[in-house]
Amino acid sequence: MREFLRKVIGIDPEKCSPEYRVGYSGKRRTLDLSHNVILYLEDITVSFDGFTALNKLNLAIDAGELRCIIGPNGAGKTTMMDVITGKTRPDSGTAFFGQSIDLTHLSEPEIAHAGIGRKFQKPTIFEQHSVFENLELAMKTDKGAYTSLFAELGDDERDRIADTLRQIRLDTQAERPAGLLSHGQKQWLEIGMLLMQEPKLLLLDEPVAGMTDDETMRTAELFVSLAGKHSLVVVEHDMAFIKELGGKVSVLHEGSVLAEGDLDSVQNDQRVVEVYLGR
Ligand SMILES: Nc1ncnc2c1ncn2[C@@H]1O[C@H](COP(=O)(O)OP(=O)(O)OP(=O)(O)O)[C@@H](O)[C@H]1O
Ligand SMILES: [Mg+2]
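Be aware that the sequence shown starts at 4, since it is given in our numbering, and climbs by one per residue.
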């Protein structure tokens, strides 16, 4: 458990201050979706030692939208996610979650708690624990009170875990140690762990890297099923996967949006062909 806390929410229960512990039991900030926009980036610029990774980037994601982000290596896709999650502070520009939550003034844990979940490429699952226990642990870290981590599960909580197991197609694997899952199944489990925290916006950076074609297509189905209730921003190089997702596509190039539209229209955009698809 201690290892879990340290790894997943970045705190050591023995060392963290009491204020920090109650921070997680605090009420969620209210997400104002009155204009139907869940994420709004305006003129975001990020430089690393004089190199401009993001250059006046503008992006708006609607509530419930499934947005795909493509673009060449080094275009700034991961840096954009770092800005949204508070890992990197922009030099200039604004980043809003809904109408009123200014992401540039929140810490990484505050942003996660506000409802933005991020999936990293390397899953942070607990291999020796069962699939069910992984989801249970992920749910409980969101409950705040440290003592509740050791409380018995209620019926509602069991139902939520069962629903999530079905959603990520691991309902027949619930009792298996997570370490025995396939690469693709481990990725789904980590997505399930994110879902247990009930994020409003999910950021997924190259989620199908290393998956089989079949796992890739199943992942597309999963993401399509999550859209609506959640908003998703998916970065990928796999065009068959992007096509299957069917969402609006933004093409990043040298830190800005070069083109935006459905996949067909951006694939036929001469500028996109030159910098990315034509390579
Ligand atoms: N912490 C950092 N320090 C210095 N340069 C960085 C840092 N993070 C990113 N960069 C540079 O910023 C640019 C954008 O990187 P980023 O990782 O955002 O690209 P990307 O679009 O995600 O590429 P890929 O498709 O290869 O994942 C790259 O040139 C990268 O080397
Ligand atoms: Mg990247």
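Ideal Cβ positions, reconstructed from N, Cα and C, are used throughout, including at glycine.
Query	Result
Environment of Leu192 [buried if 16+ CB atoms lie within 10 Å]	buried
Assigned secondary structure, Pro112 (DSSP; H/G/I helix, E/B strand, else coil)	helix
For Glu2, the three-state DSSP class (helix, strand or coil)	Nothing can be reported for residue 2: it is not among the residues displayed for the chain, which extend from 4 to 282.
The region 59-72 contacting the region 116-124, beta-carbon criterion three pairs below 8 Å	no
Closest residue to Phe129 among Leu183, Leu57, Leu206 (Cα-Cα distance)	Leu183
Near ligand 1: Thr88 beta-carbon under 7 Å from a heavy atom	no
Counted within 10 angstroms of its Cβ, other Cβ atoms place Arg121 as buried (16 or more) or exposed	buried
Inter-residue spacing [alpha-carbon to alpha-carbon] between Gly77 and Asp85	14 Å
Residue of Leu69, Phe100, Ser95, Asn39 minimising C-alpha distance to Thr33	Phe100
Spatially closest choice to Val275 from Asn58, Thr55, Asp52, Gly74, by CA coordinates	Gly74
Entirely enclosed beta strand (DSSP E) segments - the region 41-66, minimum 3 residues	54-65
Chain C contact for Ile245 (CB, 8 Å cutoff)	Looking at the structure shown, chain C is missing, and only one protein chain is on hand.
Cα-Cα separation between Val269 and Leu206, rounded to whole angstroms	22 Å
Own chain residues within Cβ distance below 8 Å of Glu22, not counting five before or after	Caution is warranted here: a pLDDT of 35 is assigned to Glu22, below 50, making its placement in the model unreliable, and the coordinate value is therefore given only provisionally. Excluding residues within five positions, none has a Cβ falling inside 8 Å.
Distance cut-off 7 Å: Leu198 Cβ against heavy atoms of ligand 1	no
Contacting residues, own chain, Cβ-Cβ under 6 Å from Gly26 (five flanking each side not counted)	Confidence at Gly26 is low in this model, with a pLDDT of 38, below 50, so the placement of that residue should be treated as unreliable; the coordinate-derived value is given next. Closer than 6 Å at Cβ, skipping near neighbours: no residue.
Distance between Met83 and Glu45 (C-alpha atoms, nearest Å)	12 Å
CA-to-CA distance, Val49 to Gly264, given in whole angstroms	25 Å
Alpha helix (DSSP H) runs wholly inside the region 127-194, at least 4 long, in chain order	134-143, 158-170
Residues that DSSP places opposite Asp105 in a beta bridge	Phe99
CB of Asp243 within 8 Å of CB of Leu69, strictly	First, the residue type needs correcting, since residue 243 is Ala and not Asp in the sequence shown. Contact: no.
Limits of the beta strand (DSSP E) - the one that Arg70 falls within	69-73
Cβ neighbour criterion (16 or more within 10 Å) applied to Gln190	buried
Ligand 1 site residues, beta-carbon cut 5 Å against heavy atoms	Phe51, Ala56, Asn76, Gly77, Ala78, Gly79, Lys80, Thr81, Thr82
Residue nearest to Asp159 in terms of C-alpha spacing, selected from Met142, Thr175, Gly195, Asp272	Met142
Beta-carbon proximity list for Asp241, same chain, < 7 Å, skipping 5 on both sides	Val211, Thr219
Residue range of the unbroken alpha helix (DSSP H) whose run includes Arg221	216-229
DSSP beta-bridge partners of Lys125	Partner(s): none; Lys125 has no beta bridge.
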